[in-house]
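First comes the structure, then the notes that go with it.
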Amino acid sequence: MRVRPSGCAIPAGQAEHAPDPADGNFLAAVLNRCWAADFSHVRTWSDVVYIAFVADTFPRRVVGWSVTTMKETERLPSLGPYPRPT
62 MRVRPSGCAI PAGQAEHAPD PADGNFLAAV LNRCWAADFS HVRTWSDVVY IAFVADTFPR
122 RVVGWSVTTM KETERLPSLG PYPRPT
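Sequential numbering of the sequence shown, starting at 62, is according to my numbering.
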């Protein structure tokens with residue numbers, strides 16, 4: 062089994078960071094005030110599967126998720142009946 066070397070393409074301290082509208086405070090006092098999202102991958106026997114989810118930080122519940130075999134930003138989670146945070 063071959064193992065790919067791990068590492069970051071941009072050394073620490075040199076990468077640009079995205080703005081943080083929550084300012085590091087991911088605790089909300091009411092529903093739909095602060096949402097968090099994550100995008101990751103899982104290697105299976107036959108392929109790689111990408112999973113994305115959005116969670117409301119107040120009740121700590123997932124409000125939308127998506128699983129696909131293609132890494133595309135257009136396939137972000139469908140939020141269904143949940144309104145966007147205010």
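Beta carbons: idealized from backbone N, C-alpha and C, even for Gly.
It should be emphasised that the depicted structure is a prediction, and the values quoted were computed from it without experimental measurement.
* To do: May I ask which residues mark the beginning and end of the beta strand (DSSP E) holding A121?
  => As a working mapping, residue 121 is identified with position 60 in the sequence shown. Strictly speaking, residue 121 in this sequence is Arg, with Ala absent from that position. First-last for R121: undefined, no H or E at that position.
* Which value, in whole angstroms, describes the spacing of the CA atoms of H102 and W126? -> Counting from 1 along the sequence shown, the entry for residue 102 is found at position 41. Counting from 1 along the sequence shown, the entry for residue 126 is found at position 65. Distance between the alpha carbons of H102 and W126 is about 13 Å.
* **F114 - DSSP class collapsed to helix/strand/coil** => On the sequence shown, residue 114 is found 53 positions in, with the first residue counted as 1. Looking at F114 - three-state DSSP - the assignment turns out to be strand.
* Asked: CA-CA distance, Q75 and D99?
  -> For this step, residue 75 is matched to residue 14 along the sequence shown. For this step, residue 99 is matched to residue 38 along the sequence shown. Each residue's CA atom was taken as its position, placing Q75 and D99 some 23 Å apart.
* Asked: Helix, strand or coil: how does DSSP classify V128 here?
  -> Within the sequence shown, numbered from 1, the residue matching residue 128 stands at position 67. In the structure shown, V128 sits in a strand (DSSP, three-state: E or B).
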